[in-house]
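**Student:** This is the structure I have questions about; it appears just below.
Numbering (UniProt numbering), first residue to last: 1 to 439.
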């Protein structure tokens, strides 16, 4: 039954994408982040659903007139440079054939990011993109949060099998990045019960992140929580939420969790932490001796045999910075950091350019919360290897789209009706919308 529901949704959305290709972007985003098919047990589990989403989106893209140039700002320039450099790094890397699968996986994400930049341009598009990107994680986080509460945090919470966030640590960081975006959506809701429900989902996502038993996630929660309180328009609500986490959630966690978190201060005695440091030192040496780095992965026995300090065991970088450094060299790391620094600055600019525009208040909220998410990503990512995960790139798209919308006074030509009406999912008989001109 679950397989049929998932496939039916994909087929329906893919057909809609032929006329409204922006819906195909939403379908791709849902499948790429949430991986709903990985929660089925039948034919949908390995079905090429993402290929269906991409194919229908591209077919609609070629026929629609409702598209723009994807090159819309400085963050996109950094993104183009990163795409080119990663490809050069792969071609000049240690194992071109062995790294092809990873390069192909990353390039699919990057390609669809460019497609999103071309097809999305109005407020409906941007809000839909935020809703799909965020709720794809929030639903999993709510499920994991309930599991953590019911089990008292005794068992780890994991992400969808076979995805970028399958690992408990990666899943936790993804949820932490989603929390500020959930708060952004909460600020846009008018219904009190809907806002309260969003608060519950946010707390459950934090509970799930704690339930991952990830030390990097704990540091990210602390950093994200502090900046979230500072950036929020509802500091009273945020204060209550933070107090709930500190006074209710943390005491709920078992002694095993506290023992693991305690190793943050005694990393010299923790073999896992020392192994990570060894992996970081290897990444530095690989970058020193290879302009383009090791390729799509520097986790090769040769490198660890040559450059390992504490041992020669091959280990993941457990850091977005050292993973990029080892994979793509110092130039690659410079471009990667430049991308996120530029995105952060542009997100801050959203708050300034929308400050005195009533129709663009949502843009300021979005910029502030994306900055909070990026802080969580920057801190948590220092200890976790997920440099190619979709959500940060989606946030870059959101920032660029919102920036262009304000500068072009998008509210003056915004399509009428609600988002559901615009998508063709709801028809108001009293005030029908004009036919779509997207194709």
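Glycine included, C-beta positions come from ideal geometry on N, C-alpha and C.
Got a sec? Which residues, its chain only, sit under 8 Å from residue 436 by beta carbon, not counting five neighbours each side?
**Tutor:** Per-residue confidence for residue 436 stands at a pLDDT of 45, beneath the threshold of 50, marking its modelled position as unreliable; the derived number appears in the next sentence. So the qualifying residues of the chain are 19, 20, 424.
**Student:** Could you have a look at residue 299 and say whether DSSP puts it in helix, strand or coil?
**Tutor:** Reduced to three states, the DSSP call for residue 299 is coil.
**Student:** Rounded to whole angstroms, what is the Cα-Cα separation between residue 189 and residue 250?
**Tutor:** Spanning the two alpha carbons is a distance of roughly 29 Å.
**Student:** Indicate whether residue 327 and residue 380 have their beta-carbon atoms separated by less than 9 Å.
**Tutor:** No, they are not a contact pair.
**Student:** By Cβ distance, which residues of its chain are closer than 8 Å to residue 355, with the 5 residues on each side in sequence left out?
**Tutor:** Correct list, in chain order: 364.
**Student:** Give, in chain order, every unbroken run of the beta strand (DSSP E) that is at least 3 residues long and sits entirely within the region 14-38.
**Tutor:** Here no run is fully enclosed.
**Student:** Which term fits residue 477, buried or exposed, when burial requires 16 or more other beta carbons within 10 angstroms of its beta carbon?
**Tutor:** Residue 477 falls outside the range modelled here, since the chain spans only 1 to 439, and no answer is possible.
**Student:** Note down the Cα distance separating residue 78 from residue 127, rounded to an integer number of angstroms.
**Tutor:** When rounded, the distance between both Cα atoms is 24 Å.
**Student:** On the criterion of 16 or more Cβ atoms from any shown chain inside 10 Å, does residue 259 qualify as buried, or is it exposed?
**Tutor:** So residue 259 counts as exposed.
**Student:** Within a Cβ cutoff of 6 Å, which residues of the same chain sit near residue 438, ignoring the five residues on either side of it in sequence?
**Tutor:** For residue 438, the predicted model reports a pLDDT of 42, less than 50, meaning its position is unreliable; a value from the coordinates is still stated below. Excluding residues within five positions, the ones whose Cβ falls inside 6 Å are 20, 64, 66.
**Student:** Identify which residue in 177, 185, 158, 324 has its Cα closest to the Cα of residue 169.
**Tutor:** It is 158.
**Student:** Helix, strand or coil for residue 225, going by three-state DSSP, please let me know.
**Tutor:** The answer is helix: DSSP assigns residue 225 an H, G or I state.
**Student:** Compare the C-alpha of residue 208 against each of 247, 395, 40, 152 and name the closest.
**Tutor:** For residue 208, the nearest C-alpha among the options comes from 152.
**Student:** Answer yes or no: do residue 40 and residue 6 have a C-beta to C-beta separation smaller than 9 Å?
**Tutor:** Taking 9 Å as the Cβ cut-off, residue 40 and residue 6 qualify as a contacting pair.
**Student:** Can you find the residues in the same chain that come closer than 7 Å, C-beta to C-beta, to residue 351, ignoring five residues on each side of it along the sequence?
**Tutor:** Same-chain partners within the cutoff: 364, 367, 368.
**Student:** Give the straight-line distance between the Cα atoms of residue 88 and residue 332, rounded to the nearest whole angstrom.
**Tutor:** So the alpha carbons of these two residues sit roughly 10 Å apart.
**Student:** For a test of the three-state rule: what should DSSP assign to residue 230, helix, strand or coil?
**Tutor:** Three-state result, residue 230: helix.
**Student:** Could you pull out every residue in the same chain whose Cβ sits closer than 6 Å to the Cβ of residue 180, ignoring the five residues on either side in sequence?
**Tutor:** Only 228, 369, 372, 373 meet the Cβ criterion.
**Student:** If we count the other Cβ atoms within 10 Å of its Cβ and call it buried at 16 or more, is residue 416 buried or exposed?
**Tutor:** The residue is exposed, with fewer than 16 neighbouring Cβ atoms inside 10 Å.
**Student:** I'd like to know if residue 163 contacts chain D, where contact means its C-beta is closer than 9 Å to some C-beta of that chain.
**Tutor:** In the structure shown, chain D cannot be found, because there is only a single protein chain.
**Student:** Check residue 314 in the structure and name its three-state DSSP category.
**Tutor:** Here residue 314 sits in coil by DSSP.
**Student:** Please classify residue 422: does DSSP put it in a helix, a strand, or coil?
**Tutor:** In this structure, residue 422 counts as helix in the three-state DSSP scheme.
**Student:** Please name the residue in 277, 306, 273, 274 whose C-alpha comes closest to that of residue 288.
**Tutor:** Residue 288 has its Cα closest to that of 306, out of 277, 306, 273, 274.
**Student:** Suppose the cutoff is 7 Å on Cβ atoms and the five residues either side in sequence are ignored; what does the same chain contact list for residue 92 look like?
**Tutor:** Excluding sequence neighbours, residue 92 sits near 292.
**Student:** In whole angstroms, give me the CA-to-CA distance for residue 407 and residue 396.
**Tutor:** Straight-line Cα distance between these residues: approximately 17 Å.
**Student:** What is the rounded straight-line gap between the Cα of residue 82 and the Cα of residue 218?
**Tutor:** Roughly 29 Å between the two C-alpha positions.
**Student:** Tell me whether the beta-carbon of residue 384 lies closer than 9 Å to the beta-carbon of residue 318.
**Tutor:** Against a cut-off of 9 Å, the Cβ pair of residue 318 and residue 384 comes out as a contact.
**Student:** For residue 389, does the count of other Cβ atoms within 10 angstroms reach 16, so buried, or fall short, so exposed?
**Tutor:** When all chains shown are included, residue 389 counts as buried.
**Student:** In whole angstroms, what separates the C-alpha of residue 137 from that of residue 329?
**Tutor:** The straight-line gap from Cα to Cα measures roughly 31 Å.
**Student:** If we count the other Cβ atoms within 10 Å of its Cβ and call it buried at 16 or more, is residue 161 buried or exposed?
**Tutor:** Per the 10 Å Cβ criterion, exposed.
**Student:** Using the three-state DSSP reduction, which class does residue 11 fall into: helix, strand or coil?
**Tutor:** Three-state DSSP puts residue 11 in a helix.
**Student:** Determine, using beta-carbon pairs with one atom in the region 301-315 and one in the region 119-126, whether at least three such pairs fall under 8 Å.
**Tutor:** Because the criterion of three Cβ pairs below 8 Å is not met, the region 301-315 and the region 119-126 do not touch.
**Student:** Please state the DSSP three-state secondary structure of residue 329.
**Tutor:** Three-state DSSP puts residue 329 in a helix.
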